[in-house]
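To start, the structure under review is shown below, and the notes come after it.
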Amino acid sequence: MSTLVPNRVKETPASARLVYTALDANGPLEREELIDETGIARRTVNSALAELRERGLVEAREHPADHRRRLYAAAEQ
91 MSTLVPNRVK
101 ETPASARLVY
111 TALDANGPLE
121 REELIDETGI
131 ARRTVNSALA
141 ELRERGLVEA
151 REHPADHRRR
161 LYAAAEQ
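Residue 161 in the working numbering sits at position 71 of the sequence shown; the count goes up by one each step and never skips.
Take a look at the structure:
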C-alpha cells in the first residue's frame, strides 16, 4: 500500500478517492469486491472507476480465472 495519495486522486470526488484507497490498500479487486469493500452503490463505483481510469490512476485487466470478468488495480505512479 502506498502511503502517499497522488495529487490527481485528491482532485477527484470523495467516492473516487474511496475506491482508489481501497484498491491501493487491497491490491486488485473485482467490481463486486469494491462495492463490498467501500459500501457504496454500484452506480457510484462505476462512475468512480471510469473517472479514475480516465485519469490513468486505475488499470483494468482480465481476471486470470475468467476472461469475462475484470480486476481493477491502482496504477503505478
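Ideal Cβ positions, reconstructed from N, Cα and C, are used throughout, including at glycine.
Reducing DSSP to helix, strand and coil, say where R158 ends up.
Stepping through the sequence shown from its first residue, residue 158 is reached at position 68. In this structure, R158 counts as coil in the three-state DSSP scheme.
query = How far does the alpha helix (DSSP H) with R107 in it reach, from first residue to last?
reply = On the sequence shown, residue 107 is found 17 positions in, with the first residue counted as 1. Per DSSP, the continuous alpha helix (DSSP H) segment holding R107 begins and ends at 104-116.
Measure from the alpha carbon of E141 to the alpha carbon of each residue in P118, G117, Y162, A115, then state which is nearest. On the sequence shown, residue 141 is found 51 positions in, with the first residue counted as 1. Per the Cα distances, Y162.
**Q.** Exposure of E144, with buried meaning 16 or more beta-carbon neighbours within 10 Å
**A.** One-based indexing of the sequence shown puts residue 144 at position 54. Within 10 angstroms of the beta-carbon of E144 lie fewer than 16 other beta-carbons, which makes it exposed.
Open item on the list: Three Cβ pairs or more, each shorter than 8 Å: is that satisfied between the segment 107-125 and the segment 143-160?
Closed with: At 8 Å Cβ cutoff, the stretches touch.
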